[in-house]
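S.K.: Got a structure here, written out as structure tokens. Questions coming.
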Amino acid sequence: GRGKTEVTVLVLGLDNSGKSTLLNTLRPPEQRLPHVTPTVAHQQDHFQSGGVSFSAWDVSGAPRHRALWERHYRRAHALIFVVDSADHLRLVVAREELALVLAHPDVCARRVPLLVFANKCDAPHALAPTQIASALGLERVSDKPWHICASSALSGAGLPDGVAWLARQLR
Ligand code: GDP
Numbered sequence: 012g013r014g015k016t017e018v019t020v021l022v023l024g025l026d027n028s029g030k031s032t033l034l035n036t037l038r039p040p041e042q043r044l045p046h047v048t049p050t051v052a053h054q055q056d057h058f059q060s061g062g063v064s065f066s067a068w069d070v071s072g073a074p075r076h077r078a079l080w081e082r083h084y085r086r087a088h089a090l091i092f093v094v095d096s097a098d099h100l101r102l103v104v105a106r107e108e109l110a111l112v113l114a115h116p117d118v119c120a121r122r123v124p125l126l127v128f129a130n131k132c133d134a135p136h137a138l139a140p141t142q143i144a145s146a147l148g149l150e151r152v153s154d155k156p157w158h159i160c161a162s163s164a165l166s167g168a169g170l171p172d173g174v175a176w177l178a179r180q181l182r
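Quick note, the sequence shown lines up with residues 12 to 182 if you use UniProt numbering.
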């Protein structure tokens, strides 16, 4: 295994999907922030915990910001893609953005585990993870291990399951 080697996880997703909230909930309690500010396209949210370095980027930002997060693909050991399960209208946008990430030369050639959080599962009209999976076209991802998990970044529900899956992939 990697032992204490640093692992880098990129947390990607559209704006408002819950990336900042999710990262804050994953923080050790003493490092949690009382008020979460949304991830801004050109500004990464970053923290470290237990030898894992997490950084979050909005993939819905202006195209001119794209190079900023794409630069980090190369050193990523795993990807987390966060989807707002209740934002039915933008699922197709999320699908397109995820497809762009997976098609990038620094991602497509590598067997980086992909964890999808079907976030805001507590919200009214949230779609089930299986529905999100098919909306995103996850069944067609065959060159990487992937996993989808319902989550509520606000309560923390589902986060330990997802992170445990990632940890198993990275061992
Ligand atoms: P980001 O832009 O991806 O970093 O998204 P934020 O973390 O700023 O979250 C956007 C909004 O969604 C905020 O108002 C959060 O409180 C809310 N939010 C985040 N996660 C959840 C969740 O699991 N359930 C619900 N109901 N709201 C959430």
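Glycine included, C-beta positions come from ideal geometry on N, C-alpha and C.
According to DSSP, is residue 145 part of a helix, a strand, or is it coil?
M.R.: Correct three-state label for residue 145: helix.
S.K.: Bridge partners for residue 59 per DSSP, in chain order?
M.R.: For residue 59, which the question treats as bridged, DSSP gives the partners 64.
S.K.: Between which two residues does the beta strand (DSSP E) holding residue 19 run?
M.R.: Counting along the chain, the beta strand (DSSP E) containing residue 19 begins and ends at 18-24.
S.K.: Taking residue 121 as the reference, give the member of 102, 87 and 143 with the closest Cα.
M.R.: Cα-wise, what sits closest to residue 121 is 87.
S.K.: Compute the distance between the beta-carbons of residue 93 and residue 130, then report whether it is under 8 Å.
M.R.: Closer than 8 Å, so yes.
S.K.: Please indicate yes or no: does the CB of residue 98 lie closer than 7 Å to some heavy atom of ligand 1?
M.R.: Residue 98: no, Cβ never under 7 Å from ligand 1.
S.K.: I'd like to know whether the C-beta of residue 34 is nearer than 8 Å to at least one C-beta of chain C.
M.R.: Annotation note: the requested chain C is absent from the structure, which comprises a single protein chain.
S.K.: For residue 35, name the three-state secondary structure that DSSP assigns.
M.R.: Note: residue 35 maps to helix in three-state DSSP.
S.K.: Candidates 133, 84 and 95: which alpha carbon is nearest residue 124's?
M.R.: Nearest option by C-alpha distance: 84.
S.K.: Figure out for me which residue from 96, 82 and 45 has the closest Cα to the Cα of residue 147.
M.R.: The residue with the shortest Cα to Cα distance from residue 147 is 96.
S.K.: Is there at least one non-hydrogen atom of ligand 1 closer than 7 Å to the beta-carbon of residue 155?
M.R.: No - ligand 1 has no heavy atom lying nearer than 7 Å to the Cβ of residue 155.
S.K.: Is it buried or exposed for residue 17, if we count other Cβ within 10 angstroms and need 16 for buried?
M.R.: With fewer than 16 Cβ atoms within 10 Å of its Cβ, residue 17 is classed as exposed.
S.K.: As a quick exercise: from 25, 68 and 181, pick the residue whose alpha carbon is nearest that of residue 100.
M.R.: Nearest option by C-alpha distance: 25.
S.K.: Per DSSP, which residues does residue 125 bridge with? Please list them.
M.R.: Per DSSP, 90 and 157.
S.K.: Give the secondary structure of residue 172 by DSSP, where H, G and I count as helix, E and B as strand, and everything else as coil.
M.R.: Correct three-state label for residue 172: helix.
S.K.: Using 7 Å as the cut-off, classify the Cβ of residue 172 as near or not near the heavy atoms of ligand 1, replying yes or no.
M.R.: No; taking the cut-off as 7 Å, the Cβ of residue 172 has no heavy atom of ligand 1 nearer than that.
S.K.: Three or more C-beta pairs under 8 Å: does that hold for the segment 138-157 against the segment 101-109?
M.R.: With a cut-off of 8 Å, the segment 101-109 and the segment 138-157 count as touching, because enough Cβ pairs lie within range.
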